[in-house]
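*Asks:* Quick one: the structure is below, questions incoming.
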């Protein structure tokens, strides 16, 4: 595709965002309605807005709603984190899962659980783990002043492998009483999602924090030197991207566990649709990520019901071939 | 031309000045202390062998790097006294080409040059687009505004970068090898373009590899030998066989041909 949409335009951006928001609402409603117990739109709405006390309403309020919120937040978090990392590294293959960031978060969280610490410490440890893994990967791969594809992916894969080994080690030495909760955390399918709302709030705050810098991100994509000469405070912006991408990844991993490739596939899809203007791409990726993961999770728990698949299995099954395809296409 | 440029130097206030400037990379001094003054309407060319520090000097003049000694003044003020966007509206840098990884249209890419002219929440308006299109016309890319930059050749990408710089509309152009990747006729066209900008009141500092082009377009030349030696002065003073042969480590002869100065390696 050599000819593309030529120019940024605010009204078009609002149209795209509005369309994606509608799609997100539709996916959400579908997630509330679908399952072993089919529930009509009216009953679902009644359960949410009218304090209905029927069994259907209980299912919607206490099972499906938290799960739908959790997967939507997780999809949005990972897609946004992926998009941010891709700008930060100027590399379209960057993704929290591929680069071992999710693994780092898991190591942090499991270590805190192994030590028997409170759940908020577990969340903090997940954040610290994500931050450390990112520091490790970006620092080590930053060989000649730029993050070359090969170095970056290799370093990420190695860090992910190291995290996998550390996780196995911790599971092996953990006392039986804790192994169950650790495994449950690790498998992290959305059915176990506790407290989904803070994640949604953090997601919204993250977007609000980065949107004022969105045009600076467009400039950064032209290269560090050009960005600095155009008045962008590159160091500050990089720290913001780095911190925010780590935070969003850690929140997502804490909520639902390791879900792979959302951060890779969604920004890519959205680039085809909306182009690479970060002012549109970031909110579009957030909404599309949430929508797609909500749909994927609805499929994961209905396709071979009563068996409920962890949603991460589904995203990995779709993500691996897509990633390999992109990797082969990007070899230039 | 050079005489009148020298006269202006003494008369006009410099838009770009360096005092007692010295640069080093690691423990190696690239150039010893020297000074320069560049007024509006003048073009300065930086010459020297590979690794002599031309790009480092250009970045220092742009304020992207602190000098290791001395100071740089833009319009009489140190870089630290400028706000980021304000500085970006006054001086623009053409950096050496970097690989692109994301699709974007040519017009979008040129519009990036409008960044310092827009507020935090601002979007590029019709006026910015008109400026970007005019810049594309100046580099001969007006028919390609919808093309994906990933599909362009190296020369076309260089012209897109030049158009983005023109859309930035700075008063001082800092150009790192502006003729890189370009075919011969575009090389001349681009240098003529900046010569026109300079005639219209801008100032330009450019890193060039070609001594003959430098002789044709420069008012002032700074010659770095990469061993700390700096020869600075008017075009006629610096572009002499002795300093050039010394800097480039190869004997060069000066000839005049059809009214132009050319240097031939022995």
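Residue numbers (our numbering), protein chains in the order written: chain C, 1 to 332; chain Y, 1001 to 1266.
Just so it is clear, CB atoms sit at the ideal spot from N, CA and C, and this is done for glycine as well.
Just so you know, these numbers come straight off a predicted model, no measurement behind them.
1) Might you give, ordered along the chain, the residues of its own chain that have their beta carbon closer than 6 Å to the beta carbon of residue 24 (chain C), omitting 5 neighbours on each side?
2) Whole angstroms are fine: how far does the CA of residue 1215 (chain Y) sit from the CA of residue 276 (chain C)?
3) Keeping to the same chain, check which residues put their C-beta closer than 7 Å to that of residue 295 (chain C); ignore five residues upstream and five downstream.
4) For residue 172 (chain C), is the beta carbon positioned less than 7 Å from some heavy atom of the ligand FAD?
5) With residue 1235 (chain Y) as the anchor, note down where its alpha helix (DSSP H) starts and where it stops.
6) Between residue 271 (chain C) and residue 88 (chain C), how many whole angstroms is the CB-CB distance? I'm expecting something under 8 Å.
7) Report the rounded CA-to-CA distance for residue 1008 (chain Y) versus residue 1075 (chain Y), giving the unit in angstroms.
8) Indicate the three-state DSSP secondary structure (helix, strand or coil) for residue 309 (chain C) in the structure shown.
9) Please identify the residue among C:109, C:96, C:34 and C:216 whose C-alpha is closest to the C-alpha of residue 1122 (chain Y).
10) Measuring only the C-alpha atoms, how far is residue 1246 (chain Y) from residue 1225 (chain Y)?
11) How do the region 1176-1196 of chain Y and the region 1207-1223 of chain Y stand: do at least 3 beta-carbon pairs fall below 8 Å, yes or no?
12) Ends of the beta strand (DSSP E) at residue 1029 (chain Y)?
13) Quick check on residue 1014 (chain Y): does DSSP put it in helix, strand or coil?
14) Thinking C-alpha only, which one of C:45, C:76 and C:79 is nearest residue 64 (chain C)?
15) Would you report the Cα separation of residue 304 (chain C) and residue 95 (chain C), rounded to the nearest angstrom?
16) What distance in whole Å lies between the Cβ atoms of residue 47 (chain C) and residue 196 (chain C), which are believed to be in contact at a cut-off of 8 Å?
17) Between residue 1142 (chain Y) and chain C, is any beta-carbon pair separated by less than 8 Å?
18) Exposed or buried, which one is residue 1174 (chain Y) when buried takes at least 16 other CB atoms within 10 Å?
19) Using a Cβ-Cβ cut-off of 8 Å, state whether residue 1057 (chain Y) counts as contacting chain C.
20) State the DSSP-derived secondary structure class of residue 1102 (chain Y), mapped to helix, strand or coil.
21) If we count the other Cβ atoms within 10 Å of its Cβ and call it buried at 16 or more, is residue 170 (chain C) buried or exposed?
22) From the DSSP secondary-structure annotation, give me the bridge partner or partners of residue 1265 (chain Y).
23) Using 10 angstroms around the beta-carbon of residue 42 (chain C), count the other beta-carbons present and answer buried if the total reaches 16, otherwise exposed.
24) For residue 1207 (chain Y), decide whether its Cβ has a neighbour in chain C, counting only Cβ atoms nearer than 8 Å.
25) Distance cutoff 8 Å, beta carbons only. Does residue 1 (chain C) sit that close to anything in chain Y?
26) Just the Cα atoms here: how many angstroms apart are residue 176 (chain C) and residue 100 (chain C)?
27) For the putative contact between residue 1110 (chain Y) and residue 1150 (chain Y), defined by C-beta atoms under 8 Å, what is the C-beta separation to the nearest angstrom?
28) If you draw a straight line from the alpha carbon of residue 300 (chain C) to that of residue 308 (chain C), how long is it in whole angstroms?
29) Hey, residue 1164 (chain Y) and residue 1112 (chain Y): beta-carbon distance below 8 Å or not?
30) Please tell me whether residue 267 (chain C) and residue 285 (chain C) are closer than 8 Å, where the distance is taken between their beta carbons.
31) Helix, strand or coil for residue 1110 (chain Y), going by three-state DSSP, please let me know.
32) Under the assumption that residue 1208 (chain Y) contacts residue 1106 (chain Y) (Cβ atoms under 8 Å), give the Cβ distance between them as a whole number of angstroms.
33) Out of Y:1063, Y:1232, Y:1083 and Y:1167, state which residue places its alpha-carbon closest to the alpha-carbon of residue 1034 (chain Y).
34) Give the residues of chain C in contact with residue 1173 (chain Y), contact being defined as C-beta atoms less than 7 Å apart.
35) Determine, using beta-carbon pairs with one atom in the region 218-235 of chain C and one in the region 1082-1097 of chain Y, whether at least three such pairs fall under 8 Å.
36) Residue 55 (chain C): buried (16+ other C-beta within 10 angstroms of its C-beta) or exposed?
*Replies:* According to the structure data:
1) Taking the first chain and counting its residues from 1, the one referred to as residue 24 (chain C) is at position 24. Within the same chain, 287, 290 and 291 come within 6 Å of residue 24 (chain C) by CB-CB distance, once the 5 residues on both sides are set aside.
2) As a first step, residue 276 (chain C) is located in the first chain; it is residue number 276 there, counting from the start. As a first step, residue 1215 (chain Y) is located in the second chain; it is residue number 215 there, counting from the start. If you take the alpha carbons of residue 276 (chain C) and residue 1215 (chain Y), they lie about 42 Å apart.
3) Position 295 of the first chain, counted from the start, is the residue given in the question as residue 295 (chain C). Hits under 7 Å: 27.
4) Among the ligands in the structure shown, none appear at all, so the ligand FAD cannot be discussed.
5) If you number the second chain from 1, residue 1235 (chain Y) lands on position 235. It spans 1235-1238 - the alpha helix (DSSP H) in which residue 1235 (chain Y) sits, taken as one unbroken run.
6) Position 271 of the first chain, counted from the start, is the residue given in the question as residue 271 (chain C). Position 88 of the first chain, counted from the start, is the residue given in the question as residue 88 (chain C). Between residue 88 (chain C) and residue 271 (chain C) the Cβ distance is about 16 Å, and since that is not below 8 Å, they are no contact.
7) For this step, residue 1008 (chain Y) is matched to residue 8 along the second chain. For this step, residue 1075 (chain Y) is matched to residue 75 along the second chain. Here the model assigns residue 1008 (chain Y) a pLDDT of 47, short of 50, so the residue's position is not dependable and the matter cannot be decided.
8) Counting from 1 along the first chain, the entry for residue 309 (chain C) is found at position 309. It is coil, neither helix nor strand.
9) As a first step, residue 1122 (chain Y) must be located in the second chain, where it is residue number 122. The candidate whose alpha carbon is nearest that of residue 1122 (chain Y) is C:216.
10) Within the second chain, residue 1246 (chain Y) is the residue found at index 246, counting from 1. Within the second chain, residue 1225 (chain Y) is the residue found at index 225, counting from 1. Cα to Cα, residue 1246 (chain Y) sits roughly 7 Å from residue 1225 (chain Y).
11) With the cut-off at 8 Å, the region 1176-1196 of chain Y and the region 1207-1223 of chain Y touch.
12) Here residue 1029 (chain Y) refers to the residue found at position 29 of the second chain. 1028-1039 is the span of the beta strand (DSSP E), which, as asked, contains residue 1029 (chain Y).
13) As a working note, residue 1014 (chain Y) is residue 14 in the second chain. If DSSP states are grouped into helix, strand and coil, residue 1014 (chain Y) belongs with the strands.
14) Counting from one through the first chain, the residue named residue 64 (chain C) turns up at place 64. When only C-alpha atoms are compared, the closest one is C:45.
15) What you label residue 304 (chain C) is simply residue 304 of the first chain in a count that begins at 1. What you label residue 95 (chain C) is simply residue 95 of the first chain in a count that begins at 1. Near 29 Å, if we compare the C-alpha coordinates of residue 95 (chain C) and residue 304 (chain C).
16) Locating residue 196 (chain C) in the first chain gives position 196, counting from the first residue. Locating residue 47 (chain C) in the first chain gives position 47, counting from the first residue. With a Cβ gap of about 17 Å, residue 196 (chain C) and residue 47 (chain C) do not count as contacting.
17) To locate residue 1142 (chain Y), count along the second chain from 1; it is residue 142. Under the Cβ criterion of 8 Å, residue 1142 (chain Y) is not counted among the residues facing chain C.
18) As a position in the second chain, residue 1174 (chain Y) is number 174, starting the count at 1. By the neighbour-count rule (16 or more Cβ atoms within 10 Å), residue 1174 (chain Y) is buried.
19) Position 57 of the second chain, counted from the first residue, corresponds to residue 1057 (chain Y). No, no contact with chain C.
20) As a working mapping, residue 1102 (chain Y) is identified with position 102 in the second chain. Three-state result, residue 1102 (chain Y): coil.
21) By 1-based counting over the first chain, the position of residue 170 (chain C) is 170. Looking at its Cβ environment, which holds 16 or more other Cβ atoms inside 10 Å, residue 170 (chain C) is buried.
22) The residue labelled residue 1265 (chain Y) in the question sits at position 265 within the second chain. DSSP lists Y:1252 as partners of residue 1265 (chain Y).
23) Taking the first residue of the first chain as 1, we reach residue 42 (chain C) at position 42. With fewer than 16 Cβ atoms within 10 Å of its Cβ, residue 42 (chain C) is classed as exposed.
24) Looking up residue 1207 (chain Y) in the second chain gives position 207. Nearest CB-CB separation between residue 1207 (chain Y) and chain C: not below the 8 Å threshold.
25) Taking the first residue of the first chain as position 1, residue 1 (chain C) is located at position 1. Note that residue 1 (chain C) has pLDDT 42, beneath the 50 cutoff, so the model's placement of it is unreliable and no number is given.
26) Locating residue 176 (chain C) in the first chain gives position 176, where the first residue counts as 1. Locating residue 100 (chain C) in the first chain gives position 100, where the first residue counts as 1. Each residue's Cα considered, the two are about 27 Å apart.
27) Start at 1 with the first residue of the second chain, and residue 1110 (chain Y) comes out as number 110. Start at 1 with the first residue of the second chain, and residue 1150 (chain Y) comes out as number 150. About 15 Å separates the Cβ atoms of residue 1110 (chain Y) and residue 1150 (chain Y), ruling out a contact at the 8 Å cut-off.
28) Residue 300 (chain C) sits at position 300 when you count from the first residue of the first chain. Residue 308 (chain C) sits at position 308 when you count from the first residue of the first chain. When rounded, the distance between both Cα atoms is 6 Å.
29) Position 164 of the second chain, counting from 1, holds the residue named residue 1164 (chain Y). Position 112 of the second chain, counting from 1, holds the residue named residue 1112 (chain Y). With contacts defined by Cβ atoms closer than 8 Å, residue 1164 (chain Y) and residue 1112 (chain Y) form a contacting pair.
30) Position 267 of the first chain, counted from the first residue, corresponds to residue 267 (chain C). Position 285 of the first chain, counted from the first residue, corresponds to residue 285 (chain C). The Cβ-Cβ distance between residue 267 (chain C) and residue 285 (chain C) falls below 8 Å.
31) Here the question's residue 1110 (chain Y) lines up with position 110 in the second chain. Of the three classes helix, strand and coil, the one that applies to residue 1110 (chain Y) here is helix, per DSSP.
32) On the second chain, residue 1208 (chain Y) is found 208 positions in, with the first residue counted as 1. On the second chain, residue 1106 (chain Y) is found 106 positions in, with the first residue counted as 1. Incorrect: roughly 26 Å between the Cβ atoms, too far for contact.
33) Counting from 1 along the second chain, the entry for residue 1034 (chain Y) is found at position 34. Nearest in C-alpha terms to residue 1034 (chain Y), of all of Y:1063, Y:1232, Y:1083 and Y:1167, is Y:1232.
34) Locating residue 1173 (chain Y) in the second chain gives position 173, counting from the first residue. Result: empty, since nearest Cβ-Cβ is about 11 Å, beyond 7 Å.
35) Because the criterion of three Cβ pairs below 8 Å is met, the region 218-235 of chain C and the region 1082-1097 of chain Y touch.
36) As a first step, residue 55 (chain C) must be located in the first chain, where it is residue number 55. Flag for residue 55 (chain C) reads exposed.
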